[in-house]
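In terms of the UniProt record's numbering, the sequence shown is numbered consecutively and its last residue is 628.
We put the beta carbon where it would ideally sit given N, CA and C, even for glycine.
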Amino acid sequence: EKQGYAHFMLKEIYEQPRAVAAAIEPHVNPETFSVALKNVGFGGQSVQKLEELDAKADWAKTQEVFKSIERVFIIACGTSNYAGNVGKYLIEQLAKVPVECDIASEFRYRNPVIPAKSLVITISQSGETADTLAAIRMAKEMGATTLSICNVKNSTIDREAHGHLYMNSGPEIGVASTKAFTSTMAVLNTLAIAIARTRGVMSEAEEKELVKSLLAVPSQMEGVLSYDKYFEEAASSLKLFRGFLYMGRGTSFPIAMEGALKLKELAYMHAEGYAAGEMKHGPLALIDERMAIVMVAPTDHLYEKTISNLEEARARGGKVISIGTGDNEKLREISEHYLAIPKAHWTVNAILAVIPLQLMSYHLASNLGYDVDQPRNLAKSVTVE
Ligand code: F6R
Numbered sequence: 244e245k246q247g248y249a250h251f252m253l254k255e256i257y258e259q260p261r262a263v264a265a266a267i268e269p270h271v272n273p274e275t276f277s278v279a280l281k282n283v284g285f286g287g288q289s290v291q292k293l294e295e296l297d298a299k300a301d302w303a304k305t306q307e308v309f310k311s312i313e314r315v316f317i318i319a320c321g322t323s324n325y326a327g328n329v330g331k332y333l334i335e336q337l338a339k340v341p342v343e344c345d346i347a348s349e350f351r352y353r354n355p356v357i358p359a360k361s362l363v364i365t366i367s368q369s370g371e372t373a374d375t376l377a378a379i380r381m382a383k384e385m386g387a388t389t390l391s392i393c394n395v396k397n398s399t400i401d402r403e404a405h406g407h408l409y410m411n412s413g414p415e416i417g418v419a420s421t422k423a424f425t426s427t428m429a430v431l432n433t434l435a436i437a438i439a440r441t442r443g444v445m446s447e448a449e450e451k452e453l454v455k456s457l458l459a460v461p462s463q464m465e466g467v468l469s470y471d472k473y474f475e476e477a478a479s480s481l482k483l484f485r486g487f488l489y490m491g492r493g494t495s496f497p498i499a500m501e502g503a504l505k506l507k508e509l510a511y512m513h514a515e516g517y518a519a520g521e522m523k524h525g526p527l528a529l530i531d532e533r534m535a536i537v538m539v540a541p542t543d544h545l546y547e548k549t550i551s552n553l554e555e556a557r558a559r560g561g562k563v564i565s566i567g568t569g570d571n572e573k574l575r576e577i578s579e580h581y582l583a584i585p586k587a588h589w590t591v592n593a594i595l596a597v598i599p600l601q602l603m604s605y606h607l608a609s610n611l612g613y614d615v616d617q618p619r620n621l622a623k624s625v626t627v628e
């Protein structure tokens, strides 16, 4: 069932454009470029009955919830948590609601203050992660409204939540999450737009612009995937490094975290993800010619600041691999390897920028002879703490 791909992971990386399209399809009207979340089920229906709901009445119920909330919490583990961090930037900036994103195992044990008018969003591909499940149960007990984003329908977390959204990625077999991650970021885009429009803080024109850029993402992802030979080439130079520092700002920060996690779990090499603005506060001391700097630097409102961090890292001897927008002469000049993504709105850059990082880790690990579908010591679903 690998359909000619060497590994499930590679197949799943290539399925991402389709997965992202499937994730947004129920919620987006491609004629009016507007968002209405489809059959979320806040009215208390069972997960099996969601498809039978009256879409109009259900959307009205969802909007009622979005109007009433004062805070948002996003809770998840691992890669799902990094998607949640992208969601934090999206929901806060677009919908102007305060958002906190936390790791489920921390959240559940720190006696969090969850005001009653909170929306607690849990993200879980499997829907069975023990800590995330405990977090959603706790949030319900404290009177919050809960919304799950799962890939596996009718999973435990999905059944437990008040409202339901789906990644629609199809089964993810590779232990390292790829398509569930990009699909989740697409769902979070629609969610952020939906909350923003419902609360009257986004114009119709802005909604149109954002929906158009979201609808363009699957074909832009195809474009990025077609550059795989450059990612493979970059990967072939990585074996020699002692360590890796992945950095970015804004939504590129969680992408740096995710890139570093993919390298650790697949190639068993030490990598750290860092907010680029934190570099001066410690990690700069690590940098020498045996350290690779992987900088996620798409052209957005933080680009200039990211570049100045990059130049500083390079001045200390770090070898640079950069991800940027289009044919960026500057990045090409200062990087050993420059990997391009197409020009896009800041809200979707993260979905595009993670692809080169996934493929670099994949190629490095498979060239080293590691089992990329089943990395050592890891399980697809973490049902115990
Ligand atoms: C990393 C990875 C894990 C999962 C984490 C949460 O590639 O797959 O970090 O993201 O175990 O799993 P779910 O999303 O099933 O709750």
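Asked                                                                                                             : Found
Closer than 6 Å: G321 CB and nearest the ligand F6R heavy atom                                                    : yes
Proximity test, S609 beta-carbon vs the ligand F6R heavy atom, cut-off 6 Å                                        : no
Check whether residue 209 and F285 have beta carbons under 7 Å apart                                              : In the structure displayed, the chain extends from 244 to 628; residue 209 sits before or after that span and is not available.
Heavy atom of the ligand ATP within 6 Å of T372 beta-carbon                                                       : In terms of ligand content, the structure shown lacks the ligand ATP and carries the ligand F6R instead.
Every unbroken alpha helix (DSSP H) within the segment 557-620, with a cutoff of 4 residues, ordered by chain     : 572-577, 589-610
Selection from C393, K299, A437, V263 that minimises the alpha carbon distance to Q336                            : A437
Beta-bridge pairing of R314 - partner residues as DSSP gives them                                                 : S361
Nonlocal neighbours in the same chain, by C-beta distance under 7 Å from T441, ignoring five residues either side : Q306, F309, K310
Run of the beta strand (DSSP E) containing A514, from where it starts to where it stops                           : 514-518
Assumed close pair G417, S398 - CB separation to whole angstroms, cut-off 8 Å                                     : Between S398 and G417 the Cβ distance is about 18 Å, and since that is not below 8 Å, they are no contact.
The segment 288-300 / the segment 451-459 touching (three or more Cβ pairs under 8 Å)                             : no
Inter-stretch contact at 8 Å, needing at least 3 Cβ pairs: the segment 472-479 / the segment 578-585              : yes
Three-way DSSP call (helix, strand, coil) for E343 in this model                                                  : strand
Spatial distance of E532 from E349 (CA atoms)                                                                     : 36 Å
Pairwise C-alpha distance: G502 and L600                                                                          : 5 Å
Within-7 Å CB hit, V342 to chain D                                                                                : As a matter of chain content, chain D is missing from the structure shown, which is built from one protein chain.
Cα-Cα separation between L527 and A359, rounded to whole angstroms                                                : 43 Å
Collapsed DSSP secondary structure at H405 in the structure displayed                                             : coil
Environment of S420 [buried if 16+ CB atoms lie within 10 Å]                                                      : buried
Proximity test, Q368 beta-carbon vs the ligand F6R heavy atom, cut-off 6 Å                                        : yes
Those residues which DSSP pairs with C393 across a bridge                                                         : S367, Y409
Beta-bridge partners of N272, as assigned by DSSP                                                                 : S277
Those runs of the alpha helix (DSSP H) which lie wholly inside the segment 430-514 and span at least 4 residues   : 447-468, 471-479, 495-510
Element boundaries [beta strand (DSSP E), containing I416]                                                        : Here I416 belongs to no beta strand (DSSP E), and DSSP marks it neither H nor E.
N- and C-terminal bounds of the beta strand (DSSP E) containing V537                                              : 534-540
7 Å Cβ cutoff met for residue 203 and A518                                                                        : Because residue 203 is not part of the residues shown, which for the chain are 244 to 628, the question remains open.
Near the ligand F6R: V625 beta-carbon under 6 Å from a heavy atom                                                 : yes
Residues that DSSP places opposite V388 in a beta bridge                                                          : The residue you asked about is not Val; residue 388 is Thr in the sequence shown. L362, per the DSSP bridge assignment.
Assigned secondary structure, A249 (DSSP; H/G/I helix, E/B strand, else coil)                                     : coil
Through-space distance from A593 to A587, alpha-carbon basis                                                      : 10 Å
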